[in-house]
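*Asks:* There's a structure below that I have some questions on.
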Amino acid sequence: MLLSPFGMHIPDGFLSTAVSVIFWIMSVAAVGLALQRVNKDLGERQVPLMGVLAAAIFAGQMLNFAVAGGTSGHLMGAAIATILLGPWAALLIMTCVVAIQALIFQDGGLLVLGANIFNMGVVGVTVSYFTYQTLRRILGTQRWAVLAAGFAAAWLSIELTALVVALQLAISGSAPVNLAIPAMAGIHAVIGIGEGLITMGSLAFLYATRRDLIETGSAPAPAGRLVWVVGLLLAGGIAVLSPLASANPDGLEWVAEQNGFLKLAQNPSYNLIPDYVLPGVSNEALATILAGVIGALIVAGAAFGIAYLRRRSSGD
Amino acid sequence: MHVHFLDPYQDGSSPLHRLDARVKLLLTVAFILVTALTPIGAWPVYILLFALVIAAQLLAELGLGYVLKRSALALPFVLSAAPLLFSVAGDALLTLPGLGWVLSVQGLERFLSLSIKSWISVQAAILMSATATFPDLLQAMRALRVPRLLVAIFSLMWRYLFVLVDEALRLMRARLARSGESGLAGGKTGGSLIWRAQTAGGMAGSLFLRGFERADRIYTAMLSRGYDGEVRSFPLPPLSAADRIALAVGGGVLGLILLLNFLIR
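Here the protein sequences come in this chain order: A and B.
Take the first sequence: its position 164, counting from 1, is numbered 170 in our numbering, and each next residue is one higher.
Take the second sequence: its position 203, counting from 1, is numbered 207 in our numbering, and each next residue is one higher.
Spelled out as structure tokens, the structure:
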């Protein structure tokens, strides 16, 4: 129910260590900034609200609807959280949701948690925020304007998150760039419609019952000019870069070249010590056999330890 | 403690259960880091890492099937790496008839390595969540200097996660009862696609609304119990001697494996 093969949650092992660390640093910086802003702007009332709404987003991700042929659409929630609570609180909420999914449900890895927080938190929330704000400014405050802006924010947040995931996989050498980007973009263009429809549905519901929630959530940007610039650059960069990379062969080569550079940069760290340094274990087959024997000994040791403990405790 | 089908914690008194959650969190993350740093095609190191994670499963006394079964659930993502089989240039192993795609030895090596690394990592993470309760993990996060506000949101989220998941399940059961959705896979569903999406949206909306209202009540309740915006917590207990030894031994073994990565290369 919580898992899907083309999910956004990258498991451990699929991103190179360098990429994982870079995205950890970016996510920690973003979440740190969000914690500061929330502490300053929103006060102590927000702690229970954010906790409960993070749980609500988590539970909301279980709600799905049948699309066709056994597939179903469901919610990621970055857009609705951003619309209701503003970008900073939404970033914290998405961080908590993604972190709990990784820590407890293994939906996404731990070492790549930084990247997953970046994708679904930073990218998802930033894209939703700017799309929704811009469209609301253009379209006005009627019901249809709220719904249309919500749909666009949700669809774009899914699409751009998927593209960033594809780029990360490609840079890590875990998926060929000329397949990963069109595949992720294509599938999530459809999945994004599901996200958009659910977001629209819940906005329609909230518009009818508690309009104040939607109005407060879309109050003028609490962020400074810098955030606008960074956000626009981020969204613009991804938007320009990814179609370029997927449609234009030159773009493909460009990313592949970057990829090659990254590999070159990573390789020397393993070449510091020449091939045959471990005396007597220069042979690959021998090393494998040795590893097998040592591994078996470790497992046997653990088994004996358990048997010993059991016998002792039953003897008591 | 919550008893809920979602909570992966398995009660027990094995050596691994008794180990401090701080040590478990650190060692799990270190293990996954070492696995990630292991180069492509380093099969001997994979064997050792796999042996370590199996040994830890034995020490947790969960039964070997438990973690293996759960880890299979996380595997579908491997599909996204499958194109590597054909896209990595190298010595041809076989050519797909009709399509002309070439399966290369290097591509196969890369794909298998990624899948195995991912599988080993996920087992370690499953083991941690099965042997440490979430409140203990929260304490471990605090020890690792995760900001207090974030830990506070985590703990409130955990507290109400099961409540809201129950509400979501009730909403879904109500929809099922009113034939908005078929309970059978591929069964007939009511309404048009847009209508179904709107229904799901309305359900999500009412879930959020209940969340808002619940948060208000919680806040009032917290105020009446002396909440003033400051998140307070007990000081962390010191690590026992056994925990320190486990940390040192675990760290040492992982360090050795990291060293082996360089040597075997």
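No residue lacks a Cβ here, since even glycine has one placed at the ideal position from N, Cα and C.
Are the CB atoms of residue 150(A) and residue 199(A) nearer to each other than 8 Å?
*Replies:* Contact: no.
*Asks:* Would you list the residues sitting across from residue 91(B) in a DSSP beta bridge?
*Replies:* Note: residue 91(B) sits in no beta bridge, so no partner.
*Asks:* Does any C-beta atom of chain A lie closer than 8 Å to the C-beta of residue 238(B)?
*Replies:* Answer no: the Cβ-Cβ gap between residue 238(B) and chain A never drops below 8 Å.
*Asks:* Roughly how many whole angstroms lie between the Cα atoms of residue 21(A) and residue 122(B)?
*Replies:* Their Cα atoms are separated by approximately 10 Å.
*Asks:* Label residue 21(B) either buried or exposed according to how many other C-beta atoms from any shown protein chain fall within 10 Å of its C-beta, with 16 as the threshold for buried.
*Replies:* Buried, because 16 or more other Cβ atoms sit within 10 Å of the Cβ of residue 21(B).
*Asks:* Contact between the stretch 298-316 of chain A and the stretch 58-78 of chain B is defined here as three or more beta-carbon pairs at a separation below 8 Å; is this criterion met?
*Replies:* Yes: the two stretches touch, three or more of their Cβ pairs being nearer than 8 Å.
*Asks:* Below 7 Å CB to CB, which residues in the same chain sit around residue 54(B) once its five sequence neighbours on both sides are set aside?
*Replies:* Here the set comprises 124.
*Asks:* Check whether chain B comes within 8 Å of residue 198(A), counting only Cβ atoms and requiring the distance to be less than that.
*Replies:* Closer than 8 Å: no.
*Asks:* For the stretch 76-98 of chain B, enumerate the residues whose C-beta is nearer than 7 Å to any C-beta of chain A, in chain order.
*Replies:* Result list: 77, 78, 80, 81, 83, 84, 85, 87, 88 and 91.
*Asks:* Determine, for residue 33(A), whether the minimum Cβ-Cβ distance to residues of chain B falls below 8 Å.
*Replies:* Answer no: the Cβ-Cβ gap between residue 33(A) and chain B never drops below 8 Å.
*Asks:* If we define contact as Cβ-Cβ less than 8 Å, is residue 54(B) a contact residue for chain A?
*Replies:* It does: the Cβ of residue 54(B) has a partner Cβ on chain A nearer than 8 Å.
*Asks:* Using 8 Å as the limit for Cβ to Cβ distance, is residue 47(B) near chain A?
*Replies:* Chain A, which has a Cβ nearer than 8 Å to the Cβ of residue 47(B), makes this yes.
*Asks:* Buried or exposed, going by whether 16 or more other CB atoms sit within 10 Å of the CB of residue 314(A)?
*Replies:* Residue 314(A) should be labelled exposed.
*Asks:* Looking at chain A, which residues of the stretch 147-169 of chain B have a Cβ within less than 8 Å of any of its Cβ atoms?
*Replies:* Going along the stretch 147-169 of chain B in chain order, one finds 151, 153, 154, 156, 157, 158, 159, 160, 161, 162, 163, 164, 165, 167, 168 and 169 with a Cβ nearer than 8 Å to chain A.
*Asks:* Taking the alpha helix (DSSP H) that residue 326(A) falls in, what are its first and last residues?
*Replies:* The displayed coordinates of chain A run from 7 to 322. Any statement about residue 326(A) would go beyond what the structure contains.
*Asks:* Any beta-carbon of chain A closer than 8 Å to the one on residue 276(B)?
*Replies:* The question about residue 276(B) has no answer, for chain B in this structure spans 5 to 269.
*Asks:* Output needed in chain order: residues of the stretch 59-72 of chain A with a Cβ under 7 Å from some Cβ in chain B.
*Replies:* Flagged, chain order: 59, 60, 61, 62, 64, 65, 66, 68, 69, 70, 71 and 72.
*Asks:* Is any beta-carbon of chain A found at less than 8 Å from that of residue 3(B)?
*Replies:* Lying outside 5 to 269, the shown extent of chain B, residue 3(B) is not represented and no answer is given.
*Asks:* Give the range of the alpha helix (DSSP H) segment to which residue 135(B) is assigned.
*Replies:* Where residue 135(B) is concerned, the enclosing alpha helix (DSSP H) stretches over 109-135.
*Asks:* Can you find a C-beta in chain A that's less than 8 Å from the C-beta of residue 218(B)?
*Replies:* So, interface residue.
*Asks:* Which residues bound the beta strand (DSSP E) around residue 71(A)?
*Replies:* Where residue 71(A) is concerned, the enclosing beta strand (DSSP E) stretches over 70-72.
*Asks:* At a CB-CB cut-off below 8 Å, which residues of chain B make contact with residue 45(A)?
*Replies:* Under the 8 Å cutoff, chain B gives 153.
*Asks:* Pull up the distance between the alpha-carbon of residue 212(B) and that of residue 70(B), whole angstroms please.
*Replies:* Between residue 212(B) and residue 70(B), the C-alpha separation is close to 34 Å.
*Asks:* For residue 97(B), name the three-state secondary structure that DSSP assigns.
*Replies:* Reduced to three states, the DSSP call for residue 97(B) is strand.
*Asks:* Run down chain A in chain order and give the residues with a C-beta less than 8 Å from the C-beta of residue 32(B).
*Replies:* In chain order: 116.
*Asks:* According to the neighbour-count rule (16 or more other Cβ atoms, all chains shown, within 10 Å of its Cβ), is residue 224(A) buried or exposed?
*Replies:* Confidence at residue 224(A) is low in this model, with a pLDDT of 47, below 50, so the placement of that residue is unreliable and no value is reported for it.
*Asks:* Residues of chain B with CB under 7 Å from residue 312(A), in chain order?
*Replies:* Neighbours of residue 312(A) on chain B, chain order: 62, 63 and 65.
*Asks:* Closer than 8 Å, CB to CB, is residue 218(A) near chain B or not?
*Replies:* For residue 218(A), the answer is no, since every Cβ of chain B falls outside 8 Å of its Cβ.
*Asks:* Measure the C-alpha to C-alpha separation of residue 24(A) and residue 230(B) and round it to an integer number of angstroms.
*Replies:* If I take the Cα positions, the gap works out to 46 Å.
*Asks:* Determine, for residue 50(A), whether the minimum Cβ-Cβ distance to residues of chain B falls below 8 Å.
*Replies:* Residue 50(A) counts as touching chain B.
*Asks:* With DSSP as the reference, label residue 150(B) as helix, strand or coil.
*Replies:* Coil at residue 150(B), not helix or strand.
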